[in-house]
Amino acid sequence: MLHTKKIAVCCVRVMLLLPFGFIFYTFNCFAQDIHFSQFFNSPLNLNPGLAGNFIGDFRIVANQRTQWSSVTTPYSTYSLGADAKHIYKTPFNAGLSIYHDKAGDSDFSTLQVALSLGYTKYIGDSSHTVSFGIQPAFVQRSINFSDLRFDNQFNGNNFDNTLGNGENFQNDGRTYFNLHSGIYWNYNIAQRKSINAGFAVHNITQPEQTFFKESIPLKQRYTFHAGGVVKVHNKIDVLPRFIYTSQHKFKEIILGGSAKYHLNNGDYKNLYAGLYYRNSDAAYITVGLDYRSFHAKVSYDINISTLEVASNNRGGFELTIIYIFERYRPVIKRYKACPNYL
Numbered sequence: 009m010l011h012t013k014k015i016a017v018c019c020v021r022v023m024l025l026l027p028f029g030f031i032f033y034t035f036n037c038f039a040q041d042i043h044f045s046q047f048f049n050s051p052l053n054l055n056p057g058l059a060g061n062f063i064g065d066f067r068i069v070a071n072q073r074t075q076w077s078s079v080t081t082p083y084s085t086y087s088l089g090a091d092a093k094h095i096y097k098t099p100f101n102a103g104l105s106i107y108h109d110k111a112g113d114s115d116f117s118t119l120q121v122a123l124s125l126g127y128t129k130y131i132g133d134s135s136h137t138v139s140f141g142i143q144p145a146f147v148q149r150s151i152n153f154s155d156l157r158f159d160n161q162f163n164g165n166n167f168d169n170t171l172g173n174g175e176n177f178q179n180d181g182r183t184y185f186n187l188h189s190g191i192y193w194n195y196n197i198a199q200r201k202s203i204n205a206g207f208a209v210h211n212i213t214q215p216e217q218t219f220f221k222e223s224i225p226l227k228q229r230y231t232f233h234a235g236g237v238v239k240v241h242n243k244i245d246v247l248p249r250f251i252y253t254s255q256h257k258f259k260e261i262i263l264g265g266s267a268k269y270h271l272n273n274g275d276y277k278n279l280y281a282g283l284y285y286r287n288s289d290a291a292y293i294t295v296g297l298d299y300r301s302f303h304a305k306v307s308y309d310i311n312i313s314t315l316e317v318a319s320n321n322r323g324g325f326e327l328t329i330i331y332i333f334e335r336y337r338p339v340i341k342r343y344k345a346c347p348n349y350l
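With my numbering applied, the sequence shown corresponds to residues 9 to 350, in that order.
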């Protein structure tokens, strides 16, 4: 009977500590910065040098991601960005973005508002472009410790929230300034054939992010990404993509690509289907549609990490909607002058 009670006590303690464990996993591992599986569809979050790099004049991008709903309170990330190119007919680009991330039972939240400023240089016949970008940002982080349960609050039989948690929390919120920068290169080899690459550094200022007494700066994150377009058929293009991210001890590699099918059917322009792999974590599929000036993509992660026992291989769902404006440009009809003798 005593042995059974000890087992029960251990199980209760594990359940009490599990949500808090997820929070510390968030603090010390990959969730120091947000990430999207559709990294290529969240340009202002990927690389400040991507501001203004699109076909059109003005772009709005919305991203939404939900993950780990089978393990704990779902982690939700929302991002909204807008950018424009050639401001006042200059080589300068500008953008504004905001993202909000909410994680776990403690409502651990991160809110960032960032301004992107970029410059694009055309090289030679303009088939080569190099863009530089800088992104100052203000970040607010908060957590609700009252929703967490600690082993000190276990009275021997059950959880008792009237007991002190025994932890030394200094505050439940922090606001800081951050700075990111990046460079992006694109080469249009021919119609429907191009290659691109970029490099970005996030958290240049390495701001303090801890809620505790000791110093825990947010480590710099380095990102290298590359991609391209290859025409393989009159109606089919292949879009290979690669990204490598390094932040302190954390390393992430995503490799994959999408197939683009040209519909050439009026308002319905293109269909997409893709497959990607994130090292030791997940594989995911993407599908999408271009309709008029709208570009919609959805993806779903299948978890293959050691967390799959708890997640039942269910990872995250992600939705992206992009709208691109193009200014109206009247068609100028050019008439050939009549000869003088007519």
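A virtual CB, placed ideally from N, CA and C, is assigned to each residue, including glycine.
Computed from a predicted structure; not experimentally measured.
Just verifying my parser: in three-state terms, what is the DSSP assignment at Pro248? strand
Pop quiz: Gly265 and Leu247 are said to be a contact at Cβ under 8 Å. What is the actual Cβ separation, rounded to whole angstroms? 6 Å
At the level of alpha carbons, what is the spacing between Phe220 and Ser114? 15 Å
Once the 5 residues before and after Tyr127 are set aside, which same chain residues still bring their CB inside 8 Å of it? Pro99, Phe100, Asn101, Ser139, Phe140 and Gly141
Which first and last residues belong to the alpha helix (DSSP H) in which Pro51 is found? Pro51 to Leu54
Can you check DSSP and say which residues form a bridge with Arg73? Thr85 and Glu326
Among Ser202, Asp133 and Gly181, which residue has its Cα nearest to the Cα of Lys239? Ser202
Residues in its own chain within less than 6 Å of Tyr130 by CB, not counting five upstream and five downstream? Thr137
Inter-residue Cα distance where the pair is Gly236 and Asn55: 16 Å
Quick one: grab the DSSP three-state call for Gly57. helix
In this structure, does DSSP put Ile95 in helix, strand or coil? helix
Below 8 Å on the Cβ atoms is my guess for Glu326 versus Ser307; work out the distance and round it to an integer in Å. 5 Å
Burial state of Tyr107, where buried means 16 or more other Cβ atoms lie within 10 Å: buried
Where in the stretch 249-320 do unbroken runs of the beta strand (DSSP E), each at least 3 residues long, occur, reported from the N-terminal end onward? 258-273, 276-286, 290-299 and 302-311
For the beta strand (DSSP E) containing Ile203, name the first residue and the last one. Lys201 to His210
Using a 10 Å radius around the Cβ and a threshold of 16 neighbouring Cβ atoms, would you call Tyr83 buried or exposed? buried
Local conformation of Asp159 per DSSP, three classes: helix
Measuring only the C-alpha atoms, how far is Pro51 from Asn179? 33 Å
Less than 8 Å separating the beta-carbons of Tyr284 and Ser45? yes
Look at the alpha carbon of Arg286 and the alpha carbon of Leu171, and state the distance between them as a whole number of angstroms. 42 Å
From the DSSP output, which residues share a beta bridge with Ile63? Answer is none; Ile63 lacks a bridge partner.
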